[in-house]
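Colleague: Quick one: the structure is below, questions incoming.
Residue numbers (the numbering used here), protein chains in the order written: chain H, 4 to 180; chain U, 88 to 395.
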């Protein structure tokens, strides 16, 4: 294993920059809500909200979305996928929803997340923020806000570690076995 | 998880925890405006009920529909079972029609297990004779965990006709597995003789037990048992074991009253007790849908017969 692709400081700077970009693109925090995809995306969304509060002095609502029931590979793996909690204590209708995830890879998770969101209401706009875009898309999906673009092999294992779950912030790549 | 859900007895404590955790996510889906997710799109679930049932059948039907599966309800009356078709032939017919899961209720203990030998579909036991009713036991565990925050260490009394109750068996096995303390309460004629193997305590004195209970689980008394002389009269049963307002007052603060339904108000439970805030009988029904969604999802959401 090589050293981390991003260390804790890199992750912090990337989140600060994405927070600025969201405020710039959406002209402030008015009507913006953050929805993180569980797990890890929800932790990143909470941090983005803290940054936006620090920069703009506004509280944006933060939710967590579990996309398990919307996956397109149910029944293709030996075990049913593990489910997480969905916790969206606000109405997404008419809002600019920024989906937040740790790694953008095939795009299938984001497709599921958009379907899940549509069942919860009718957002005015959906945008996508990811900490790492590693390429290899299988669907026509791209991110609006990217922490870092990382060229990877298809079989590489790119992992985002967050302090909330893993005890430290970092992005690591493990080469194909 | 196993390939089928036949009994609480077959589940490990880890399985139970996974089922309850998954059910929690489905509980949230049940609070949405659109109470439906596409998880089991294109799968077929057959409700094969050869014994009367309202809540279990409807609950399974709703659970499957909220997962976007196609549901077929099939009962003995009005089907070829009434023409004398055997269980095996009926099962093979369902199989030939492409059932991915068969939910079976049958008056003979062990019929779900027998079904697994004939069909490839996942089999879920919705109550077999006096053996088990595992989905009821699981929704009861879910409700206790939701209301009291844990199962381990809870003191639970199961009151009534334990002898004929598949609910009591599934619930007792589940509670003991998860580290709760179970006391069975009822007339000696209605306590099973093999109960020493269950890891539970037995008492014939309801008023002595109630002050030490976190949950008082009341079983349905079937009036026909009286004719079979398990107890002298329904009135005497109600006087000795019925859960009245006065008896509920003996329970610790915050203790729950539960009942699997359908209730005989005035026999095993007084009408005003059933409507107390600490009675969570309706919550049990609501939670039943989420628990059954979790079970269908966990069984059908993985590939069949492979190992991870």
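Backbone N, C-alpha and C fix where the C-beta goes; we use that ideal spot for every residue, glycine too.
Comparing alpha-carbon positions, which option in U:240, U:189 and U:358 lies nearest residue 333 of chain U?
Modeller: Here residue 333 of chain U refers to the residue found at position 246 when the second chain is read from its first residue. Taking only the C-alpha atoms, the option nearest residue 333 of chain U is U:358.
Colleague: With a CB to CB cut of under 6 Å and the five nearest residues on each side skipped, what residues in its chain are close to residue 93 of chain H?
Modeller: In the first chain, counting from the first residue as 1, residue 93 of chain H sits at position 90. So the list reads 64, once near-sequence residues are dropped.
Colleague: With 8 Å as the threshold, decide whether the Cβ of residue 99 of chain U is near any Cβ in chain H.
Modeller: Working through the second chain from its first residue, we reach residue 99 of chain U at position 12. No, residue 99 of chain U does not count as interfacial toward chain H.
Colleague: Cα-Cα, which of U:132, U:302, U:110 and U:141 is closest to residue 182 of chain U?
Modeller: Taking the second chain and counting its residues from 1, one reaches residue 182 of chain U at position 95. Closest option to residue 182 of chain U, Cα to Cα, is U:132.
Colleague: If we count the other Cβ atoms within 10 Å of its Cβ and call it buried at 16 or more, is residue 27 of chain H buried or exposed?
Modeller: Position 24 of the first chain, counted from the start, is the residue given in the question as residue 27 of chain H. That one is exposed.
Colleague: Under 9 Å, CB to CB, which of the residues in the segment 60-85 of chain H have a partner in chain A?
Modeller: As a matter of chain content, chain A is missing from the structure shown, whose protein chains are H and U.
Colleague: Closer than 8 Å by C-beta to residue 85 of chain H: which residues in its own chain qualify, once you throw out the five before and the five after it? Chain order, please.
Modeller: Within the first chain, numbered from 1, the residue matching residue 85 of chain H stands at position 82. 71, listed in sequence order.
Colleague: For residue 199 of chain U, count neighbouring Cβ atoms within 10 angstroms of its own Cβ and tell me buried if that reaches 16, exposed if not.
Modeller: The count along the second chain starts at 1 and reaches residue 199 of chain U at position 112. Residue 199 of chain U is buried by the Cβ-count criterion.
Colleague: Check whether chain U comes within 8 Å of residue 142 of chain H, counting only Cβ atoms and requiring the distance to be less than that.
Modeller: Taking the first residue of the first chain as position 1, residue 142 of chain H is located at position 139. Cβ-Cβ to chain U under 8 Å: no for residue 142 of chain H.
Colleague: Give a yes or no on whether the minimum CB-CB distance between residue 121 of chain U and chain H is below 8 Å.
Modeller: Looking up residue 121 of chain U in the second chain gives position 34. With 8 Å as the cut-off, residue 121 of chain U counts as an interface residue toward chain H.
Colleague: Check this for me: beta carbons of residue 243 of chain U and residue 272 of chain U, under 8 Å apart or not?
Modeller: By one-based count along the second chain, residue 243 of chain U stands at place 156. By one-based count along the second chain, residue 272 of chain U stands at place 185. Against a cut-off of 8 Å, the Cβ pair of residue 272 of chain U and residue 243 of chain U comes out as no contact.
Colleague: Could you tell me which chain H residues have their CB closer than 8 Å to the CB of residue 117 of chain U, listed as they occur along the chain?
Modeller: Counted from its first residue, the second chain places residue 117 of chain U at position 30. Within chain H, not a single residue places a beta-carbon under 8 Å from that of residue 117 of chain U; the smallest gap is close to 12 Å.
Colleague: Indicate whether the contact test is met: 3 or more Cβ pairs, each with one atom in the segment 132-150 of chain U and one in the segment 211-218 of chain U, closer than 8 Å.
Modeller: yes
Colleague: At 7 Å on the CB atoms, spell out the chain H contacts of residue 109 of chain U, in chain order.
Modeller: Residue 109 of chain U sits at position 22 when you count from the first residue of the second chain. By Cβ distance, chain H contributes 86.
Colleague: Mind checking whether residue 150 of chain H and residue 17 of chain H have CB atoms under 8 Å apart?
Modeller: The residue you call residue 150 of chain H lines up with position 147 of the first chain. The residue you call residue 17 of chain H lines up with position 14 of the first chain. Going by beta carbons, residue 150 of chain H and residue 17 of chain H fall inside the 8 Å limit.
Colleague: Taking residue 111 of chain H as the reference, give the member of H:31, H:40 and H:8 with the closest Cα.
Modeller: Taking the first residue of the first chain as 1, we reach residue 111 of chain H at position 108. Answer by Cα proximity: H:40.
Colleague: Would you call the segment 191-206 of chain U and the segment 226-237 of chain U touching, i.e. three or more CB-CB distances under 8 Å?
Modeller: no
Colleague: Is the number of C-beta pairs between the segment 265-285 of chain U and the segment 338-353 of chain U that are closer than 8 Å three or more?
Modeller: no
Colleague: Under a Cβ-count criterion, where at least 16 other Cβ atoms within 10 Å of its own Cβ denotes burial, should residue 22 of chain H be classed as buried or exposed?
Modeller: Here residue 22 of chain H corresponds to residue number 19 of the first chain, with the count starting at 1. Residue 22 of chain H comes out buried.
Colleague: List, in chain order, every chain H residue whose beta-carbon is nearer than 9 Å to that of residue 112 of chain U.
Modeller: Position 25 of the second chain, counting from 1, holds the residue named residue 112 of chain U. Near residue 112 of chain U (Cβ distances below 9 Å), the residues of chain H are 69, 71, 72, 86, 87, 88 and 89.
Colleague: Restricting to runs no shorter than 3 residues, where is the beta strand (DSSP E) found entirely within the segment 114-195 of chain U?
Modeller: 131-136, 157-162 and 188-193
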